[in-house]
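So the mapping is simple: the numbering used here equals the position in the sequence shown, first residue as 1, plus 8. Down below is the structure, laid out as structure tokens.
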Amino acid sequence: VERTKSRPFASGALTPSQGVCFLGSQLLLGLGILLQLNDFSRVLGASSLLLVFSYPLMKRFTFWPQAFLGLTFNWGALLGWAAIKGSLDPSVIVPLYTAGICWTLVYDTIYAHQDKEDDLKVGVKSTALRFGDSTKQWISAFGTASIGSFALSGYSAELAWPYYPLLTAAAAQLAWQITTVDLSDRMDCNRKFVSNKWFGALVFWGIVFGRLAS
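Shown next as structure tokens:
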């Protein structure tokens with residue numbers, strides 16, 4: 009894949025044994041953090057390993073690896089809540105987790121459009137290939153679902169009014185991404201993907217100020 013040929017493994021800068029050692033150190037660090045949490049959170053955190061280790065294989069079997077990425081990346085929403093509360097509140101967590109998954113489907117589908125020609129050559133799958141020319145319609149639907157789910161989660165968590173203007177700004181940023189991205193331009197896909205840091209920041213500060221004002 010052209011975009012990733014300079015990465016450590018692909019370029020030969022890192023050997024498999026070095027990679028395994030690095031992975032081991034990261035797992036030990038993660039375990040050390042996990043053991044500081046309550047028992048419920050420990051079980052919840054450990055259960056995410058199934059997703060973590062299965063996700064890299066998904067491109068071989070399904071056109072929806074981005075959905076599995078969403079399930080994996082956003083497990084932290086469940087774990088963060090459990091670490092503070094000691095349990096899960098479905099009225100807050102289900103829409104929050106759903107919002108994160110739908111957001112991931114938006115940004116990682118845009119990201120996947122960078123590699124669609126190479127993916128076709130090597131035979132791996134992605135939502136970019138699954139959606140094709142209908143990508144913008146699909147990610148518009150996922151974006152709408154994400155914002156709606158964020159709003160529902162905030163309402164269920166009784167966040168105060170500052171959450172909603174900032175969520176509206178985040179919705180505008182996401183709409184800008186979807187409407188302006190050139191899916192045939194790798195550089196523009198990458199720019200729009202990176203711009204999701206601003207979407208995340210707006211949602212984050214909305215949660216912070218919404219909680220402080222409640």
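Glycine included, every Cβ here is placed at the ideal spot set by N, Cα and C.
As assigned by DSSP and simplified to three states, the class of residue i
i       : result
Lys-205 : helix
Lys-133 : coil
Leu-167 : coil
Gly-32  : helix
Thr-23  : coil
Trp-72  : coil
Lys-67  : helix
Arg-138 : helix
Asn-198 : helix
Arg-4   : Nothing about residue 4 can be reported from this structure: the residues present for the chain run from 9 to 222 only.
Asp-123 : helix
Arg-15  : coil
Asp-116 : helix
Leu-77  : helix
Leu-191 : coil
Gly-94  : coil
Alpha carbon of residue i to alpha carbon of residue j, nearest angstrom
i       : j       : result
Leu-52  : Gln-122 : 34 Å
Trp-184 : Ala-85  : 25 Å
Gly-38  : Phe-207 : 27 Å
Phe-139 : Lys-205 : 24 Å
Phe-76  : Gly-156 : 21 Å
Ala-90  : Ala-54  : 13 Å
Trp-169 : Thr-176 : 11 Å
Gly-78  : Gly-20  : 30 Å
Ala-120 : Lys-133 : 10 Å
Cys-24  : Gln-34  : For clarity, residue 24 is Pro in the given sequence; the question names Cys instead. About 15 Å.
Lys-67  : Ser-203 : 25 Å
Val-130 : Ala-209 : 36 Å
Phe-212 : Ser-154 : 14 Å
Pro-103 : Tyr-163 : 10 Å
Leu-87  : Arg-50  : 9 Å
Asn-46  : Leu-36  : 18 Å
Cys-29  : Ala-178 : 39 Å
Assumed close pair residue i, residue j - CB separation to whole angstroms, cut-off 8 Å
i       : j       : result
Asn-82  : Gly-108 : 3 Å
Val-100 : Ser-56  : Val-100 to Ser-56, Cβ: 19 Å. No contact.
Gly-27  : Phe-17  : 6 Å
Ser-95  : Phe-48  : 6 Å
Tyr-63  : Phe-201 : Going by Cβ atoms, the distance from Tyr-63 to Phe-201 rounds to 18 Å, so no, they are not a contact pair.
Phe-150 : Cys-110 : 4 Å
Leu-225 : Arg-199 : Since the first residue shown for the chain is 9 and the last is 222, residue 225 is missing from the structure and cannot be characterised.
Ile-215 : Tyr-172 : Not quite, the Cβ-Cβ distance comes to about 11 Å (not below 8 Å), so this is no contact.
Residue i versus the options, residue with shortest Cα-Cα distance
i       : options                              : result
Ala-136 : Ile-118, Val-189, Leu-77 and Ala-179 : Ile-118
Leu-182 : Lys-144, Leu-96 and Leu-167          : Lys-144
Ile-186 : Val-60, Thr-152 and Leu-104          : Thr-152
Ala-221 : Val-114, Ala-165 and Ala-179         : Ala-165
Leu-113 : Thr-80, Gly-214, Ala-180 and Leu-87  : Thr-80
Ser-127 : Trp-146, Phe-71 and Phe-217          : Before going further, note that residue 127 is Asp rather than Ser in the sequence given. Of Trp-146, Phe-71 and Phe-217, the residue nearest in Cα terms is Phe-71.
Arg-11  : Lys-124, Ile-147, Gln-44 and Leu-87  : Lys-124
Trp-146 : Gln-74, Leu-22 and Leu-42            : Gln-74
Closer than 8 Å: residue i CB and nearest the ligand FMN heavy atom
i      : result
Arg-50 : As presented, the structure is devoid of all ligands, the ligand FMN included, so that no description of it is given.
CB contact check: residue i to chain C, cutoff 9 Å
i       : result
Gly-162 : Here there is only one protein chain, and chain C is not present.
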